[in-house]
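Report on the following structure.
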Amino acid sequence: MELTNFIALSVIVVAALGIGMGTMTWAYSGKGSISVLFKEPILNSPEFPDTDSGRKAAAYFQAGIEAYQSGNYRKAEDKFTSAIQEVSTAEAYHNRGLIFANLRSDGEAVADLIRASELYQEQGNGSAIDSIKQNLEALKQRKLEREKQK
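Here the sequence shown is numbered in our numbering, starting from 129 and rising by one per residue.
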């Protein structure tokens with residue numbers, strides 16, 4: 129009788145731990161309990177130089193887009209960071225800023241969006257700057273809504 133109770137209790141504990149670990153892993157990987165503010169990445173691919181760094185940056189950028197579209201924001205963050213390390217582009221900063229916002233790292237999101245706007249300014253890309261302004265406004269609105277809930 130005691131052995132049956134022990135086995136039943138063990139099964140319940142293992143099931144609870146499995147569900148808890150699975151939920152945490154799912155949330156950490158960029159899916160799950162986060163509220164996605166920006167569902168789509170910036171698809172405009174920058175022009176990368178025809179060098180080894182440029183080719184690597186282009187590959188990382190494309191992998192970041194694919195990870196973003198599949199909802200794997202942590203992987204997308206890593207890919208865009210690698211692209212930026214190879215060749216710094218406005219589009220990579222813009223996408224990484226959107227990812228940080230989706231992961232609720234708003235301070236990092238704002239920093240990347242501002243850096244992207246500076247690079248867009250150098251390019252004279254006014255429509256992209258307008259897009260950044262809208263992104264920052266959405267972040268501001270989310271912050272205001274969170275403060276109202278407190």
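We put the CB at the ideal spot given by N, CA and C, even for glycine.
Do the CB positions of residue i and residue j come within less than 8 angstroms of each other?
i	j	result
L241	N263	yes
E214	S173	no
I260	A244	yes
F208	G192	yes
F189	A204	no
L267	A237	yes
I257	Q269	no
I need the boundaries of the alpha helix (DSSP H) containing residue i, first residue and last residue.
i	result
S259	G254 to Q277
S181	D180 to Q197
V238	D234 to Q251
N223	A218 to N230
Buried or exposed for residue i, please, with buried defined as at least 16 other CB atoms from any protein chain shown within 10 angstroms of its CB.
i	result
G225	buried
E246	exposed
K217	A small fix is needed here, since residue 217 is Thr in this sequence, not Lys. T217 should be labelled buried.
S161	Note on S161: pLDDT 42, under 50, position unreliable in the model; the coordinate value appears next. Exposed.
N230	buried
How is residue i classed by DSSP in three states: helix, strand or coil?
i	result
T209	helix
E175	coil
I170	coil
S138	helix
L131	helix
| Three or more C-beta pairs closer than 8 angstroms, one from the region 166-176 and one from the region 187-196: is that the case here? | Verdict: yes, contact present.
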